[in-house]
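Inspection log for the structure reproduced underneath, given as structure tokens.
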Amino acid sequence: IAKDRMARLNPDGSLDTSFTVQMHTFLENDLQANDILVQPDDKIIVASSGRFLNGIKLGALVRLNLDGSIDTNFNSMTEANNYGTRGSCSSIVLQPDGKILAAGSVYYGDNNINKKLLRLNADGTLDETFTFGALSTFQGITKIILQPDGTILALGIVDTYKSKVIRLLSNGALDPTFTMASTLYFHNNKNLYMFLDNNGKIMLISDSFGNNNYKMFRMNSDGTVDTTFNFTALNPYSYGSFAANAILPNQKIMIGVPGTIDASRMKLVNTNGTLDNTFTIGTGFNGNINVLYMQPNGGLLVGGNYKSFQGQTERFLVRLTSEEFLDTTTNLPNQKSFLYPNPTTDILHFSDSNENSSYQITNLLGQIVQKGSIKNQQISTAGLQNQMYVIEISNGKQKTTHKFLKQ
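Quick note on numbering: the sequence shown equals residues 106 to 512 in this note's numbering.
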């Protein structure tokens with residue numbers, strides 16, 4: 106079945122035939138989406154470089170309904186010069202209050218000022234209370250991360266192939282308490298990726314030629330160098346299209362590497378930056394890995410430009426389980442636990458959870474808002490505000506994590 110650059114899969118990997126997106130209506134035919142975000146109500150925000158309409162590059166941020174149709178209540182590509190977010194959007198983040206941070210080389214409406222980072226209200230209109238306080242710092246922004254305390258990490262190119270990280274306060278002003286160590290600047294590296302480890306420390310990894318080759322760094326929360334992390338450059342070095350990475354439940358870091366470094370295309374990094382030389386995945390993949398994603402149930406999704414795994418035909422996307430290659434069995438459940446209804450208005454029910462299992466609920470800022478024990482396979486959410494939460498259920502060594510929406 107042909108799909109226009111975007112598809113939705115069921116949990117077992119089969120195609121969800123109820124979902125169809127006409128990407129060509131808001132994105133040039135030779136381009137792909139830069140970032141995709143799913144809201145708690147299952148609507149989907151797509152960030153891209155958009156398409157030209159009447160000489161203006163529109164559609165940098167579009168919201169889709171559950172079936173893939175364009176949500177016309179979201180301000181984008183509308184008539185009468187109300188162009189919504191336009192230009193090229195590379196990274197998006199959803200705040201707990203439903204507002205949306207959008208970064209890249211972005212404009213809004215008919216204003217020709219490159220805002221680089223803006224915040225939208227839930228309907229896609231511009232949030233005028235947010236002003237990016239470092240407008241002249243970057244040529245463009247490639248990645249933003251919302252931290253639990255509401256501050257915003259922004260990674261971008263300062264000048265030709267020189268990248269750095271800054272931190273902003275929740276209103277967009279520059280955070281003066283954060284200064285990235287100059288020894289961590291990446292020179293001549295146009296492809297630099299940023300992510301957080303499970304302790305909230307800032308990781309940077311490069312996949313391009315440059316002074317740092319294929320290196321990874323870790324920063325403390327104030328931008329100083331974390332000297333406890335020492336990553337050795339991988340050799341022989343070869344250019345890769347992406348720096349795929351995933352933090353595993355045991356805190357180790359899985360990375361995708363070019364075939365010239367390892368024919369299996371995967372390496373495992375210990376928490377101190379050294380390579381885990383006990384890690385093996387056999388012949389692995391016969392093509393480059395573009396993305397790694399650790400699912401809450403312990404499965405590792407591996408996407409890339411490959412056609413086989415372990416000599417068996419597998420195309421572009423597979424899911425690996427912990428039993429296959431990860432030493433994480435003490436942190437992962439032997440069975441799945443489901444919660445319903447989701448969204449919930451009052452009582453949240455669970456299946457396959459043992460009586461008296463403990464739980465804690467956090468908001469998207471990482472703040473614990475409720476905790477206790479599960480009784481009769483249910484808990485009350487009556488005291489929670491209407492927004493999205495994360496619940497962690499623990500029964501001894503077994504843990505499961507879920508998102509749910511309180512309405």
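Glycine included, C-beta positions come from ideal geometry on N, C-alpha and C.
Hey, would you say residue i sits closer than 7 Å to residue j, going by beta carbons?
i: Leu373; j: Phe384; result: yes
i: Lys453; j: Thr486; result: In the sequence as presented, Lys is not what sits at residue 453; that position holds Leu. Yes. Within cutoff.
i: Leu222; j: Ser268; result: no
i: Thr336; j: Met359; result: For clarity, residue 336 is Phe in the given sequence; the question names Thr instead. No. Outside cutoff.
i: Ser181; j: Val167; result: yes
i: Leu231; j: Ile205; result: no
i: Cys194; j: Ala239; result: no
i: Lys476; j: Gln465; result: yes
i: Gly404; j: Thr379; result: no
i: Ile394; j: Gly361; result: yes
i: Arg110; j: Gln127; result: no
i: Asp381; j: Asn375; result: yes
i: Asn461; j: Pro201; result: no
i: Gly471; j: Pro253; result: yes
i: Pro341; j: Thr506; result: no
For residue i and residue j, I'd like the C-alpha separation in whole angstroms.
i: Gly209; j: Thr190; result: 11 Å
i: Phe243; j: Asp264; result: 7 Å
i: Phe235; j: Gly364; result: 44 Å
i: Ala207; j: Leu199; result: 9 Å
i: Phe283; j: Asp327; result: 5 Å
i: Leu260; j: Leu163; result: 24 Å
i: Ala107; j: Pro281; result: 50 Å
i: Met308; j: Gln490; result: 32 Å
i: Asn439; j: Ile197; result: Model confidence at Asn439 stands at a pLDDT of 36, short of 50, so the residue's coordinates are unreliable and nothing is read from them.
i: Lys248; j: Asn481; result: 43 Å
i: Val474; j: Ile496; result: 10 Å
i: Tyr411; j: Gly488; result: 48 Å
i: Ala227; j: Gln512; result: 16 Å
i: Tyr213; j: Gln417; result: 48 Å
i: Gly229; j: Phe124; result: 22 Å
i: Asn377; j: Arg323; result: 10 Å
i: Gly96; j: Lys148; result: One cannot answer for residue 96 here, as it falls past the ends of the chain, which runs 106 to 512.
i: Leu132; j: Met399; result: 29 Å
i: Phe390; j: Ala278; result: 44 Å
i: Asp121; j: Asn500; result: 33 Å
i: Ile161; j: Gly192; result: 8 Å
i: Ala349; j: Gly392; result: 13 Å
i: Asn216; j: Asn355; result: 47 Å
i: Arg74; j: Phe300; result: Past the edges of the chain, shown from 106 to 512, lies residue 74, and the structure says nothing about it.
i: Asn303; j: Ile250; result: 14 Å
i: Thr333; j: Leu114; result: 40 Å
i: Asp451; j: Ala112; result: 33 Å
i: Asn170; j: Phe455; result: 28 Å
i: Ser478; j: Ile484; result: 8 Å
i: Leu406; j: Leu353; result: 12 Å
i: Gly203; j: Ser463; result: 29 Å
i: Asp176; j: Asn139; result: 19 Å
Quick one: using the 10 Å Cβ neighbour count with 16 as the cut-off for buried, is residue i buried or exposed?
i: Ile246; result: buried
i: Ile498; result: buried
i: Thr158; result: According to the sequence provided, residue 158 is Leu. The question's Thr does not apply to it. Flag for Leu158 reads exposed.
i: Ala152; result: buried
i: Arg420; result: exposed
i: Ile141; result: exposed
i: Tyr445; result: exposed
i: Pro116; result: exposed
i: Gly387; result: exposed
i: Asp331; result: buried
i: Gly409; result: buried
i: Ile257; result: buried
i: Ile262; result: buried
i: Thr449; result: buried
Residues bridged to residue i by DSSP?
i: Asn216; result: Tyr213
i: Phe390; result: Phe414
i: Asn350; result: Ile360
i: Thr190; result: Tyr213
i: Ser275; result: Paired residue(s): none; Ser275 is not in a bridge.
i: Gln475; result: Ile466
i: Leu251; result: Ile257
i: Val396; result: Gly408
i: Val495; result: Thr467 and Lys508
i: Ser181; result: Gly189
i: Ala208; result: Ser196 and Leu222
i: Met371; result: Gly361
i: Arg424; result: Leu406
i: Asp500; result: In the sequence as presented, Asp is not what sits at residue 500; that position holds Asn. Paired residues: Gln503.
i: Thr449; result: Lys511
i: Asp264; result: Lys267
i: Ser485; result: Ile452
Does the ligand GDP have a heavy atom nearer than 6 Å to the CB of residue i?
i: Asp232; result: Within the structure as shown, the ligand GDP is missing, as the structure has no ligands at all.
Beta strand (DSSP E) runs contained entirely in the segment 297-342, provided each spans 3 or more residues:
297-301, 307-311 and 321-324
Hey, which unbroken runs of the beta strand (DSSP E) at 3 residues or more fall wholly within the segment 109-171?
140-143, 149-152, 156-158, 161-163 and 166-169
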